[in-house]
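Participant:
Protein chains: 2
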Amino acid sequence: MRIVDGSVSSPRGFRAQGVACGLKKNGNPDLAVVACDVPAVAAGVFTRNLVKGHSLQRTMRLLPSASVRAVVVNSGNANACVGARGDADAEAMARFAADALGCAPSDVLTGSTGVIGLPLDLAKVEAGVREAAATLAAGAEAGHRAERAIMTTDLVPKECCLSFPLGGKDVLLAGMAKGSGMIHPDMATMIAVVTTDADVDPVFLRDALRTVADRTFNRTSVDGDTSVCDMAVALASGLAGNERVASSDAADGRAFLHALETVCTALSREIARDGEGATKLVEVRCEGAATPEDAYKVVLAVARSPLVKTALFGEDANWGRILTAAGYSGAAFDPARCDVYLGGLQVCAAGAALPFDEAEAKRILSEKEVAVTLRLGAGGHADRMWTCDFSYDYVRINGSYRS
Amino acid sequence: MRIVDGSVSSPRGFRAQGVACGLKKNGNPDLAVVACDVPAVAAGVFTRNLVKGHSLQRTMRLLPSASVRAVVVNSGNANACVGARGDADAEAMARFAADALGCAPSDVLTGSTGVIGLPLDLAKVEAGVREAAATLAAGAEAGHRAERAIMTTDLVPKECCLSFPLGGKDVLLAGMAKGSGMIHPDMATMIAVVTTDADVDPVFLRDALRTVADRTFNRTSVDGDTSVCDMAVALASGLAGNERVASSDAADGRAFLHALETVCTALSREIARDGEGATKLVEVRCEGAATPEDAYKVVLAVARSPLVKTALFGEDANWGRILTAAGYSGAAFDPARCDVYLGGLQVCAAGAALPFDEAEAKRILSEKEVAVTLRLGAGGHADRMWTCDFSYDYVRINGSYRS
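Quick mapping for you: the protein sequence lines, in order, are chains L and R. All letters in the first sequence, in the order written, are residues 1 to 403 by our numbering. All letters in the second sequence, in the order written, are residues 1001 to 1403 by our numbering.
1) Pull up the DSSP beta-bridge partners for Tyr341(L), would you.
2) Output needed for Ala149(L): all residues of its chain with C-beta closer than 7 Å, excluding positions within five of it in sequence on either side, in chain order.
3) Which same chain residues end up closer than 6 Å to Arg1375(R) when comparing Cβ atoms and leaving out the 5 residues on each side of it in sequence?
4) Between Phe333(L) and chain R, is there a C-beta pair that is closer than 9 Å?
5) In whole angstroms, give me the CA-to-CA distance for Gly1343(R) and Leu1260(R).
6) Between Ala1246(R), Ile1191(R), Val1200(R), which has its C-alpha nearest Thr1220(R)'s C-alpha?
7) Interface residues of chain L around Cys1081(R) at Cβ under 7 Å?
8) Would you list the one or two residues that DSSP bridges to Lys297(L)?
9) When the Cα of Ile3(L) is compared with those of Thr195(L), Thr216(L), Thr262(L), which residue comes out closest?
10) For the alpha helix (DSSP H) holding Asp393(L), just list the boundary residues, first then last.
11) Using a C-beta to C-beta distance shorter than 7 Å, which residues of chain L count as neighbours of Phe1313(R)?
12) Determine the chain L residues that contact Phe1390(R) at a beta-carbon separation under 7 Å, and present them in chain order.
13) Taking 9 Å as the threshold (beta carbon to beta carbon), is Pro1292(R) in contact with chain L?
14) In chain order, what are the residue ranges of uninterrupted beta strand (DSSP E) at least 3 long that sit wholly in the segment 175–259 of chain L?
15) Looking at chain R, is there any beta carbon in it that lies within less than 9 Å of the beta carbon of Thr310(L)?
16) Going along chain R, which residues have a C-beta under 7 Å from Tyr341(L)?
17) Going along the chain, which residues of its own chain have a beta-carbon closer than 7 Å to the beta-carbon of Gly1330(R), five neighbours each way excluded?
18) Measure the C-alpha to C-alpha separation of Ala1361(R) and Glu1159(R) and round it to an integer number of angstroms.
19) With which residues is Asp1170(R) paired in a DSSP beta bridge?
20) Residue range of the beta strand (DSSP E) that Pro39(L) falls in?
21) Give a yes or no on whether the minimum CB-CB distance between Pro1119(R) and chain L is below 9 Å.
22) Exposed or buried, what is Ser485(L) when buried is set at 16 or more other beta-carbons lying within 10 Å of its beta-carbon?
23) Grouping DSSP H, G and I as helix and E and B as strand, with all else coil, what is Ser1075(R)?
24) Need the endpoints of the beta strand (DSSP E) that Val1108(R) sits in, please.
25) Please check if any C-beta of chain R sits within less than 9 Å of the C-beta of Gly327(L).
26) At least one CB of chain R closer than 9 Å to the CB of Ala78(L): is that the case?
27) Let's test the definition: count the other Cβ atoms within 10 Å of the Cβ of Gly143(L) and tell me whether it reaches 16, buried, or not, exposed.
28) One question on the structure: do Gly13(L) and Gly175(L) come within less than 9 Å of each other, judged by their Cβ atoms?
29) Whose CA, out of Glu1358(R), Asp1383(R), Ser1010(R), lies closest to the CA of Leu1136(R)?
30) Determine whether the beta carbon atoms of Phe333(L) and Ala290(L) lie at a separation below 9 Å.
31) With distances taken Cα to Cα, identify the nearest neighbour of Lys1025(R) among Val1041(R), Thr1047(R), Cys1348(R), Asn1077(R).
32) Starting from Gly1327(R), follow the alpha helix (DSSP H) in both directions and report where the run begins and ends.
33) Can you grab the Cα-Cα spacing for the pair Asp294(L) / Leu323(L), in whole Å?
34) Whose C-alpha, out of Thr1153(R), Leu1155(R), His1054(R), is nearest the C-alpha of Ser1112(R)?
35) Grab me the residues of Ala353(L)'s own chain with a C-beta within less than 7 Å of its C-beta, minus the 5 sequence neighbours each way, in chain order.
36) Take the Cβ of Arg273(L) as the centre, count every other Cβ of all protein chains shown within 10 Å, and call the residue buried at 16 or more, exposed below.
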């Protein structure tokens, strides 16, 4: 398995495009189409927020499917909380693409991200979809443009493409994602599109995506807020010619799962690293928990704590806040048995402060990637989550998001 | 019932003092003693964080009590996560006060707030307790000094004193509190000391404090983090001479509860208003919930959301974030029946955007007090919580708290 230069339009059968149709005030690209030349097997995971955008609700109704021909995603407008017209607008988005590609609207998935509560400008969307559909291209570059068009406050594109053998064939699996605020587990947490030319069973793909999302996208927190538009969809063209993958019990099933997790891990880490205002990627680890649920509660609480995250921004080795967040996480453990590490530096043993080298702690916290580890001493379960620090820029970005 | 100029040393029998003993690097007052000339009935509510400071654990073991003679609280150091010596240090703090006041150490309550993981400088504490105990005074001014000595990042003192009739007698009830970070419900959320000269039954006082804390201190969130040192203690000297209050079913019990809630509400609102970096007090209201739990979940999620709080700082009427936070709160409701108001201005009806006057919204959000209301349309239950906005200064304060 190796990472290659590629994008969602690299796997066989896929083409993509990203264009600017005027939904973003600043003129940046804001509409992406990812199309498949053949009916693709597709599955998705979705936000668990009660409030759901209309474009997303439409995609939820259509998946899983074995006949998806395209995904249309706009940025700059969430198509959410706009009343009955939201559903009609999502359907129109799909129809524009279906007309251009010569397929049924029900074979087109839709996604929207951006400001909530403003109606979509359908004339702009129509022009954008037509332009993108008319200029779809295979190869890495077109997918890179599609990625640019789904970004909102993201500063850098988030893409990963893997080449790996599957049932004797060379297979490509690629993903793109957008962050970078309203990121928190249990709701899929962003928009991601994964494409592959592997031949996979639809139910296997759905289960694989759920399993992997739980270990990757659902282990990523920027701010504890979850959006109404979060979804990850995976499309498989089957054109690699491998024998259809149908079970994670078989070797090819495990290989596919591993590749999918590798791509989604890379995207998740990039989402955290590029969190709004972030200056560093933080991996929060919990070991020695009595149950998997306890391990999850601890990493969730620490990764969400504004006090931990501002201390990391300030590169201040204020480890008491880390232990404190674990203490209110709801996990069962004895604080008097808990150890805390910043990177490889132990700062707390058995619940009590250790003398430590402040200069060394400062050096560790000034890195672009910081690991924070709690060992609870309560059992054998572990978990980890990716997050970022909390900076002035988070406040600046979110104090005037609509303007 | 009327608010009077007073402090915790105003009710009959109480004296107080606040001194600087060198625990705070900046030389500000950092040690407070509140003493009672007679054995006071006392009760407390405490953090539910698994990690608990040693001074707090000691007080938890002693309450409820009918023989409390003093409360000693230091700021600048949390006396938490320092191993076995933490318990001994808390006991020594109490002993210094007991020696000076001529009572048993078990009649002295202790509290500490500040940095976690550093051992207390006992020599400074001893000098501070002796100085404070030697200069205890009744009347408003001494209590004001005690309040100054328990403040950490607080910018303004938080005190309230009420005069009200109880069983034919004039009674005083006063409170002081410190915030202003690590503030979140279900853990008492700060340090508060309430004194009264009413004669009350210990069990009634404990139940009354729990009931009122749930409606006040536990409805206050600054940052979603909860400290290891949070506690509210109430001391009643009984010197007003009223017939002992023993039940909230009787008129005098209701009057006492009302006075206690009035004082704790004032303190809670001041804690939120003076939250770290706050520029405004925000009251989050939920109406029309199917259950009390749902109403609580909604106000908790909205009051905790960094995206809502940064938008309020930016005075940006981004109401979609408010509805979004309610959507992931865990409360059961139909977003399509939900209304949202900023102050008196409705911005969302039945889950969809309403055209609204942006200038009017800006004017409402630029006030020093802002109310945010969600009407779920799911039932008849309501709740409310106090919080503040999230500003650059929160990040600045918490990026370098230890230095």
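Here a beta-carbon is modelled for each residue, glycine too, at the ideal position from N, C-alpha and C.
Facilitator: According to the structure data:
1) Gln346(L), Thr373(L)
2) Gly18, Val19, Pro29, Asp30, Leu31, Ala32, Ser75
3) Glu1287, Gly1288, Asp1339
4) yes
5) 28 Å
6) Ile1191(R)
7) Gly320, Leu323, Cys348, Gly351, Ala352, Ala353
8) DSSP output for Lys297(L) lists no bridge partner at all.
9) Thr262(L)
10) 392–399
11) Val395, Gly399
12) Val395
13) no
14) 191–196, 231–236
15) yes
16) The contacting residues do not exist; Tyr341(L) stays about 14 Å from chain R at best.
17) Lys1297
18) 32 Å
19) Pro1165(R)
20) 31–46
21) yes
22) Within the shown structure, residues of chain L are numbered from 1 to 403, placing residue 485(L) beyond reach of any answer.
23) strand
24) 1108–1115
25) yes
26) yes
27) buried
28) no
29) Ser1010(R)
30) yes
31) Asn1077(R)
32) 1320–1327
33) 14 Å
34) His1054(R)
35) none
36) buried
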